[in-house]
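A.B. asks:
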Amino acid sequence: VSEVPSVEWWAEVDRSALREACASLCRTGGLLVISGDGMSGRQEASVLARHALAQDGRPLLYVAAPSSGVALTRHVIRTLLAEAESVRRRTPGAIGVGAATVGASDRLLGDLFVEVAQPLADGPQGLAVVIAGLGVETRPHDGDLRLLRSLADRTGGAWVITGSNDASWDAAEPDSHLTLGKFERWEVAAVLRLAERDQVLTRQASDRVMASLFSQRQRTVAAATAYAALQGAKW
Amino acid sequence: MSEQNPFSMPNDERRPSHRRTMQAEAEPTVRLIAEDTPLPLRRLVWMLSVCLDTQPDSLLDLASRVWPDDHELVKWAGALPTWSFVEEAAEGWRLVPDLAPTVARRFREAAPKEFAHAHQILADIERVQLAQEDVPDDFDPNAEWFTRSRLAFYLAATTPADSVEEFGVAFETAPAEDAQTARMWLSTLVLRQEDLLQEYGRVVTFFEAFRAYVTNRRQQAQRLFGAVIAEGARDRYHAIAEHLLGVCLPVDERRLALLEASVDLSHHLGIVQNEVMARNSLVSTVIALAQIRGNDDPETQPRLRRARELALENLQFSREIDDKSYLAYTLLAYAIAEWLTVAGVSGARARSSEAHAVFDEVTANFREAVDAADRAQLSATALMALNQFACAQRDSGRYAEALETLEEAANRATPWSDEEAVTRLRKTVRSLERRIPASLEDTRLIVAKELGA
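Protein chains in written order, with this note's numbering: chain A, -13 to 221; chain B, 593 to 1045.
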């Protein structure tokens, strides 16, 4: 089980645009949105973005969005506060956010914004933030997205949001927006060649995967289906 | 549904095409899981497909309770979170929503007893959680509502009648600070259990209608709410459908009739939230009708008086049920109705001695509405109340005071404030142009800039 192909291994061929966008974000700061449907490999995209930003050596805050979408912004901000506090403990003096502020349920968003934005901006090298799985079950409010944009601006860090392609991402005014598409036949074939090269799969297993995924006329496949087939081949 | 029902429709037609497409898209992956996956791993995926979310350790525990003789489960549990269709959310891991219903259906077909047992266990977990939530949680005051909704979801497999009842209660009692989002989430739970709720197609139709209503597919919403009402069940769903169908319709007598019916039925059934909100919609409809017909219509003044009476009744009712959100909504409706009754539509009598005499009271009403909205953390309602107050001040010639009120609103507005409220504020600021003395124009421009006008 531990030998299943890693995200990085897939990334060699199928998510290069995402890695390039993250690298660019590390240089310039700003907000990158990566969206796709449930079968598009959003989870891999979130992990990949996390890896790419962590490699830059910045303090990284990772927030998984709540399924329900209710009080989304408050959840995200509270989690950011808690995460920032955790970073502060690891790096004393770097980010001065009081843990006591987390959990105050009667604060208005504006107070929370003021409370979180400046301490985050005062971080030593600018923060990297990944908010994963936004708007999967319910669409985020435009106001929530504008607030996240404001936070990204205020902190000057590298922010990545991954989420559903049903949301109105324009409200976040992303500096760039990547859409996770399906895999082309050649992309899957390239991954399988790598698997053979690394002796993760035999040629026969690799052929079986291709045959299970693509009929003669089929050119594309959903990422989740491709991942499932590849992992299935291991068993 | 009866054949005579003009709103009746087959299930396939009720299910939107995008859901059919999504399920077709998921099918190859579901087939791979069914055919190429070792049985213990398949069981774990099945288990995950019926959970709304879970931690990997909990998933293993749940699966072990359903299949106590499968000692291989532990070996495969670690593999699950690495799969592309398993996503991390704040609450735990979940199968992507595009896939979960189709996998769950396969689970049900392949192992119906275990499928029911799994739901039974999950429902019991939520019941235990509910018992622990007797003490309100400051951090998450809506925890109980979410737990009840989740319980409704799990009950669909074992006691669907209880499930639809719980879903109805949850719809009505959704957290006021973001009721629409909460209800949209709730509707995803219902639609995910659509197969299990086939006997209650009307309830599924109701939630479909609500989604259409929220996403501004008004014609579809009207048709679906109409189908719910046409069955004549005169229950909670009927009452709410009358309210929401009413607000989908143009401002006319039919809309009024539906809202009145919704208020009456809600009162009869004791559904207080819908009664308050339907009556509030009735107040705004009566006012809108008066505004459309204008001051020359002999019915306009009686309509405004009726709006005021309804608003007052609603306000008193809100005070009785002691709900701070509903109090904020009804205070605002009352403040507006009270002012229009003396000022007339478009502020035609706003400078009359009668209007002048009651202005202190009007000011107190709007201020109370703003305070109530603040207490309920309804920032959009607070901005709306300030805007309406500024309009009243403007119409009565209190331009400097109107600007002060708009300035107060501008200070509250943030880039993430409710867009509709801010748009209305901008419009009010613009409406002061050329009406105010030159000495106030600079202030107006500053406020306009702050509001992005």
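All C-beta atoms in this analysis are idealised placements derived from N, C-alpha and C, irrespective of residue type, glycine included.
1. Can you confirm whether the stretch 33 to 49 of chain A touches the stretch 177 to 191 of chain A when touching is taken to mean that 3 or more C-beta pairs between the two stretches lie within less than 8 Å?
2. Using beta carbons (cut-off 7 Å, strictly below), is Ala50 (chain A) in contact with chain B?
3. I'd like the list of long-range same chain contacts for Val1014 (chain B), defined as Cβ closer than 8 Å, with 5 residues on each side in sequence excluded.
4. Pull up the distance between the alpha-carbon of Gly129 (chain A) and that of Val806 (chain B), whole angstroms please.
5. What is the residue span of the beta strand (DSSP E) that Thr165 (chain A) lies within?
6. Work out the CA separation of Thr765 (chain B) and Ala822 (chain B) for me, nearest whole Å.
7. Quick check on the burial criterion: 16 or more other C-beta atoms within 10 angstroms. Buried or exposed for Val666 (chain B)?
8. Glu679 (chain B) bridges to which residues according to DSSP?
9. I'd like to confirm the pairing. Which residues does DSSP put opposite Ile147 (chain A) in its beta bridges?
10. What are the start and end residues of each continuous alpha helix (DSSP H) run of 4 or more residues lying completely inside the stretch 718 to 779 of chain B, in chain order?
11. Determine the chain B residues that contact Val122 (chain A) at a beta-carbon separation under 8 Å, and present them in chain order.
12. Ordered along the chain, which non-local residues of its own chain (more than five positions away) have a Cβ less than 7 Å from that of Val195 (chain A)?
13. Leaving out the 5 sequence neighbours to the left and right, which residues in its chain are closer than 7 Å to Met1050 (chain B) when beta-carbon positions are compared?
14. Please list, in chain order, the chain B residues whose beta carbon lies closer than 9 Å to that of Arg171 (chain A).
15. If you compare alpha carbons, which of A:Ser150, A:Val186, A:Ala209, A:Arg205 is closest to Ala118 (chain A)?
16. With 7 Å as the limit, tell me which residues of the stretch 120 to 147 of chain A have their beta carbon closer than that to any beta carbon of chain B; keep them in chain order.
17. Compute the distance between the beta-carbons of Thr922 (chain B) and Leu902 (chain B), then report whether it is under 7 Å.
18. Please tell me whether Ala961 (chain B) and Leu924 (chain B) are closer than 7 Å, where the distance is taken between their beta carbons.
19. Phe260 (chain A) by DSSP, collapsed to three states: which one?
20. Figure out for me which residue from B:Val795, B:Leu861, B:Met869, B:Val937 has the closest Cα to the Cα of Asn887 (chain B).
21. Contact criterion: CB-CB distance below 7 Å. Does Asp963 (chain B) meet it with respect to chain A?
22. Whole angstroms are fine: how far does the CA of Cys8 (chain A) sit from the CA of Cys983 (chain B)?
23. I'd like to know if Gln29 (chain A) contacts chain B, where contact means its C-beta is closer than 7 Å to some C-beta of that chain.
24. Is the Cβ of Glu617 (chain B) closer than 7 Å to any Cβ of chain A?
25. Among the residues of its own chain, which have a CB less than 6 Å from the CB of Arg803 (chain B), if the five just before and after it don't count?
26. Leaving out the 5 sequence neighbours to the left and right, which residues in its chain are closer than 7 Å to Leu851 (chain B) when beta-carbon positions are compared?
27. Can you tell me where the beta strand (DSSP E) with Ala50 (chain A) in it begins and where it stops?
28. Using beta carbons (cut-off 7 Å, strictly below), is Leu970 (chain B) in contact with chain A?
29. Using the three-state DSSP reduction, which class does Val186 (chain A) fall into: helix, strand or coil?
30. Only counting the same chain, and skipping five residues up and downstream in sequence, which positions put a Cβ closer than 6 Å to that of Ala942 (chain B)?
31. Looking at C-beta atoms only, is the number of pairs between the stretch 913 to 922 of chain B and the stretch 891 to 900 of chain B that lie closer than 8 Å three or more?
32. If distances are taken between C-alpha atoms only, which option among A:Asp139, A:Leu47, A:Gln204, A:Ile20 comes closest to Ser162 (chain A)?
33. Below 6 Å CB to CB, which residues in the same chain sit around Ala138 (chain A) once its five sequence neighbours on both sides are set aside?
34. Is it right to say Ile884 (chain B) is buried, meaning 16 or more other beta carbons lie within 10 angstroms of its own, or is it exposed?
35. In three-state DSSP terms, what is Val934 (chain B)?
36. Near Gln812 (chain B), what residues of its chain come up, given a Cβ to Cβ distance below 7 Å and the 5 sequence neighbours on each side ignored?
C.D. replies: So, from the data block:
1. no
2. yes
3. Leu975, Ala1005, Leu1043, Gly1044
4. 17 Å
5. 162 to 165
6. 24 Å
7. exposed
8. B:Arg686
9. A:Val19, A:Ile117
10. 735 to 747, 752 to 764
11. Glu679, Ala681, Val688, Pro689
12. Leu178, Ala215, Leu216, Ala219
13. Missing from the structure shown is residue 1050 (chain B); chain B here goes from 593 to 1045 and no further.
14. Correct list: empty, because the minimum Cβ distance to chain B is about 14 Å.
15. A:Ser150
16. Val122, Glu123, Thr124, Asp128, Gly129, Asp130, Arg132, Leu133, Ser136
17. no
18. yes
19. The shown model of chain A, from -13 to 221, leaves out residue 260 (chain A), and the question about it has no answer.
20. B:Val937
21. no
22. 48 Å
23. yes
24. yes
25. Ser779
26. His835, Gly838, Ala870, Ser873, Leu874, Thr877
27. 46 to 50
28. no
29. coil
30. Ala935, Asp987, Ser988
31. no
32. A:Ile20
33. Leu17, Trp145
34. exposed
35. helix
36. Ala804
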